[in-house]
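See structure below.
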Amino acid sequence: MHAGAAGRRMWMDCVKLGIETRKQLLERCSQLRPFIPLQVAGKAWQDYDTDLIANDARFFNFVPARHGTVSKAMRRTNIWSIRASCC
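Note that my numbering has the sequence shown beginning at 422, numbered continuously upward.
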């Protein structure tokens, strides 16, 4: 099932679904941010075509310290104050 051309197609479909999911998170959610670079070649990650993202490793080259994400991610948060505003 996972071997050969059919397996590669299935895997690519999974990759594209993951990309589309990240784009939806960026569009709809303010509390959840996917681990992706903010920009690639000066353009917002989500503004690129899904097929291009799926076939270019630059779109998955996320370095947290470059984006200030480490400090945001490591902040202490009271779990009782979090609301699922995106779901």
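Note that the Cβ used here is the ideal one computed from N, Cα and C, for glycine as well.
In the three-state reduction of the DSSP assignment, residue 467 falls in the helix class, which pools H, G and I. Taking the Cα positions, residue 477 is about 20 Å away from residue 426. Annotation: the continuous alpha helix (DSSP H) that includes residue 436 extends over 425-449. For residue 452, DSSP records no beta bridge to any residue.
In this structure, the alpha-carbon of residue 457 lies about 13 Å from that of residue 445. Put simply, of 475, 453 and 429 the residue whose alpha carbon is nearest the alpha carbon of residue 440 is 475.
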